[in-house]
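The structure appears below as structure tokens.
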Amino acid sequence: MSYFLGLDSSTQSLSALVVDTKTGRVVLDESVNYGKDLPQYESPQGVLPNGDASVCHSDPLMWVEALDLLLSRVQASGFDWSKIRGISGAGQQHGSVYLARSLSDIPPWDTSKQLVEQVRPLLSFPTSPMWMDSSTGVECAEIAEALGSRKKVSELSGSEPIERFTGPQIRRLSKRHPQTYAATTEIHLVSSFIASLLIGKTAPIDLGDGAGMNLLELSTGDWNQALLDATAPGLREKLAPLSPSAEVVGTLSAYFSERYGFAKEVPVVAFTGDNPSSLVGMGAIKPGTRLVSLGTSDTVFAAMDAPRTDPNGFGHVFGNPAGGFMSLLCFTNGSLAREKVAEHYSLDWAQFASAILEETKPGNNGKCMLPYFVPETTPKLGAPAVKLFGDDEFVDWKQPAATVRAVVEAQALSIQRFSSWIGHEPEQLVLTGGASRNPGIRRVLADVFQAPVRVLKVANSSALGGALRAAQAVGNSSWSDLFSTFVALDPEVNVTPNPQSVSAYAQLREQYTEHLDAHLRGTLG
Ligand code: ADP
Ligand code: XUL
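So for the sequence shown, the numbering used here puts the first residue at 40; every next one is plus one.
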């Protein structure tokens, strides 16, 4: 009784991670990359191209096909799925899937056909608006007006009306495609959708991810009728039900045991959002540690005892899957922006790191950048804004190393500025996500925050969080045992801040703040 599986359906990939609670080892860490492994969906970064930069949708069938592909690939590699005793997982937050039929009203999955063929006819809308979408400014304003103010929405739901959140997305769809909305019987988040695929019927939305919809009232843990009414007609009936995060929501469908050799009726624990899941996977379910996830987006989060909202209106309160709440800020231009700079100069990540560590100095001799290659959520920018400030050569993009440093420094300064509402200065930053592997990025964060930077041994914290949640809910393991076994800081990485960079960053902070504020006021030339 010792193998537990965590799945993470994230923006660019689907990952599976298995922990063995008996030996204390991670025995599987595999993923399918949508761009590389499923090129037929024409979504190299997990998102469908769209002429309008504010519209970001994904094909939910890509997520479905990735599940069959990952399970069969791992099975073919010789891994024995029959050892799994419990499953949980996570999905990218806010994305929504629209179904014409409730998954509770369908026959069991047909083992002779791929899931993707069986899910295709169930969709009422072919694409899923996802977290990078920023097209719902009008709908956010309408929801705020119906409730009285943006602040009122924040008091109820933990966030002001936010473009990428599911409620405003549902409102936009219901206005633009009223017939599709009327024909929609069930709406899922990515997390509850993937859990539903596993159990072959409707899985509920957990309170952790549900809080990212602008629909859930934090104080009651239930949908708020005024928010539902302000969003779309008859919405309560269409939403998958809610459940606490630790609930067993069903057992694995026979489809998976027959095709991939899973044991019969493995319990499936509610899936949650990727960030709430990372909170667990980073062992930070109690307040104290500031966590920074450097994935497609950068997020900064921490557990909270009581919900406290961001006075600037950028931050959010989600449910902590282990109970209580968590704060979160999302910086859309995370890896997205770093990749743009790396691609511009054809740099690999090792060259990107040495541009920072070997070729440039803290503060970048005053060269700095507004690094918003796509519309941004923190701070709120409806349109891209990429501007370089410095000597002529730099401004002309002719200094690769300085530009690399500029994008990373601007991001670190931005994270620092906009996360100060979370509370006291962090004693250390714990990093996760793909870009946490980069020593250049770690160095800049340590110096800007003047705090040690650590990384976790297991980088895939969202999938790990899924496996640990399954082990806690159905394997009777305690959080403290699970954390002491699986959530260790990597002893090889302990970046201590360089005190000599303090004055360089004090200067750069001032410059960056001035440029950003001028841009926000619309007074930047
Ligand atoms: P997500 O969960 O959002 O799909 P991940 O946490 O898997 O994202 O991170 C993927 C991103 O990490 C990639 O888009 C890539 O830009 C970035 N990345 C991967 N390795 C490195 C590295 N060594 N240095 C900087 N960025 C990296
Ligand atoms: C959080 C957010 C992103 C997604 C994708 O609010 O929008 O972090 O969860 O990872």
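Here a beta-carbon is modelled for each residue, glycine too, at the ideal position from N, C-alpha and C.
Quiz item: Between V71 and A115, is the Cβ-Cβ spacing less than 7 Å?
Solution: Result no, Cβ atoms of V71 and A115 do not sit closer than 7 Å.
Quiz item: Got a sec, what are the start and stop residues for the beta strand (DSSP E) I126 sits in?
Solution: I123 to G130 is the span of the beta strand (DSSP E), which, as asked, contains I126.
Quiz item: Using 8 Å as the threshold, is the region 401-409 in touch with the region 492-507, meaning 3 or more CB pairs across them?
Solution: Touching, no, given that fewer than three Cβ pairs across the two stretches are closer than 8 Å.
Exercise. Would you kindly report the start and end of the unbroken beta strand (DSSP E) that includes R493?
Key: It spans V492 to L495 - the beta strand (DSSP E) in which R493 sits, taken as one unbroken run.
Practice problem: Would you tell me roughly how many angstroms separate the C-alpha atoms of F457 and T338, rounded to the nearest one? | Solution: Rounded to whole angstroms, F457 to T338 spans 11 Å at the Cα level.
Exercise. Look up D435 in the DSSP assignment and say whether it is helix, strand or coil.
Key: Residue state, collapsed to three classes: coil.
Practice problem: Identify, in the order they occur along the chain, each residue of the same chain with its Cβ nearer than 6 Å to the Cβ of A543, setting aside the five sequence neighbours on each side. | Solution: In its chain, beyond the 5 residues on either side, P401 and G402 have a beta carbon closer than 6 Å to the beta carbon of A543.
Quiz item: Across which residues does DSSP place M408 in a beta bridge pair?
Solution: In the DSSP assignment, M408 forms a beta bridge with L427.
Exercise. Just jot down, in chain order, the residues whose CB lies closer than 5 Å to any heavy atom of ligand 1.
Key: Ordered by chain, the residues meeting the criterion of a beta-carbon within less than 5 Å of a non-hydrogen atom of ligand 1 are S49, T50, Q51, G334, T335, S374, E378, W388, G472, G473, A474, R476 and N477.
Self-check item: Residue interval of the beta strand (DSSP E) (run including P530)
Solution: That run of the beta strand (DSSP E) goes L528 to V534.
Practice problem: For the alpha helix (DSSP H) containing R211, list its first residue and its last residue. | Solution: R211 -> alpha helix (DSSP H) spans T205 to R215.
Quiz item: Quick one: any contact between the region 289-304 and the region 324-344, if contact means 3 or more CB pairs under 8 Å?
Solution: No, they do not touch.
Self-check item: Extent of the continuous beta strand (DSSP E) run through Y42
Solution: In the DSSP assignment, Y42 falls within the beta strand (DSSP E) that extends over Y42 to S48.
Exercise. Determine the burial state of N537: buried for a count of at least 16 other Cβ atoms within 10 Å of its Cβ, exposed for fewer.
Key: Answer is exposed; the Cβ neighbour count stays below 16.
Quiz item: Is any heavy atom of ligand 2 found at a distance shorter than 6 Å from the C-beta of C95?
Solution: No, ligand 2 has no heavy atom inside 6 Å of this Cβ.
Quiz item: Excluding the five sequence neighbours on either side, which residues of its own chain have a C-beta within less than 7 Å of the C-beta of Q208, listed in chain order?
Solution: So the qualifying residues of the chain are S135, P168, D172 and T175.
Quiz prompt | Where the beta strand (DSSP E) through N477 begins and ends | solution = For N477, no beta strand (DSSP E) encloses it, and the DSSP letter there is neither H nor E.
Quiz item: Roughly how many angstroms separate the alpha carbons of P283 and A309, rounded to a whole number?
Solution: P283 and A309 have their C-alpha atoms spaced approximately 8 Å apart.
Quiz item: Any contact of the region 388-396 with the region 130-150, i.e. 3+ C-beta pairs under 8 Å?
Solution: Cβ pair count under 8 Å is below three, so no.
Self-check item: heavy atom of ligand 2 below 6 Å from W170 C-beta
Solution: Yes; taking the cut-off as 6 Å, the Cβ of W170 has a heavy atom of ligand 2 nearer than that.
Self-check item: For I454, the nearest candidate out of V434, D435 and P418 (CA to CA)
Solution: Measuring from the Cα of I454, the nearest candidate turns out to be P418.
Quiz prompt | T525 - containing alpha helix (DSSP H), residue span | solution = For the record, residue 525 in the displayed sequence is Phe; it is not Thr. Per DSSP, F525 belongs to the alpha helix (DSSP H) from W518 to F525.
Self-check item: Whole-number beta carbon distance between L138 and T270, since they are thought to touch under 8 Å
Solution: Actually they are not in contact, since the Cβ atoms of T270 and L138 sit about 18 Å apart, beyond 8 Å.
Self-check item: Cutoff 6 Å; reference L555; Cβ partners in own chain excluding five residues on either side
Solution: Taking L555 as the centre and dropping the five residues before and after it, the same chain places no C-beta closer than 6 Å to its C-beta.
Exercise. Just grab the DSSP bridge partners of M321 for me.
Key: The secondary-structure analysis by DSSP pairs M321 with nothing; it has no beta-bridge partner.
Quiz item: Below 7 Å between beta carbons: does that hold for V534 and R481?
Solution: The answer is yes: Cβ separation under 7 Å.
Quiz item: Does at least one heavy atom of ligand 2 sit under 6 Å from the Cβ of T338?
Solution: Answer for T338: yes, Cβ within range of ligand 2.
Quiz item: Using the beta-carbon count (16 or more within 10 Å), is R159 buried or exposed?
Solution: Exposed, because fewer than 16 other Cβ atoms sit within 10 Å of the Cβ of R159.
Self-check item: Length-filtered (4 minimum) alpha helix (DSSP H) runs lying within the region 112-186
Solution: Qualifying alpha helix (DSSP H) stretches, in chain order: 154-158 and 176-186.
Self-check item: C369 Cβ short of 6 Å to ligand 2 heavy atom set
Solution: Result yes, Cβ under 6 Å from ligand 2.
Self-check item: Reference S316, options I238, G479, D344 and G249, closest by Cα
Solution: Across the set I238, G479, D344 and G249, the C-alpha of G249 shows the shortest separation from the C-alpha of S316.
Quiz item: Does ligand 2 have a heavy atom nearer than 6 Å to the CB of Q208?
Solution: Short note on Q208: C-beta not closer than 6 Å to any heavy atom of ligand 2.
Practice problem: Report the option in G45, K61, L53 and V86 whose CA atom is closest to the CA atom of L375. | Solution: Per the C-alpha coordinates, the member of G45, K61, L53 and V86 positioned closest to L375 is V86.
Practice problem: Rounded to whole angstroms, what's the CA-CA distance from V58 to Y42? Just pull it up for me. | Solution: For V58 and Y42, the distance between alpha carbons rounds to 6 Å.
Quiz item: Going straight from the alpha carbon of M252 to that of S332, what length do you get?
Solution: S332 has its alpha-carbon roughly 21 Å from the corresponding atom of M252.
Quiz prompt | Touch test, the region 178-198 against the region 224-235, Cβ-Cβ under 8 Å, three pairs minimum | solution = In short, these stretches do not touch, since the Cβ pair count stays below three.
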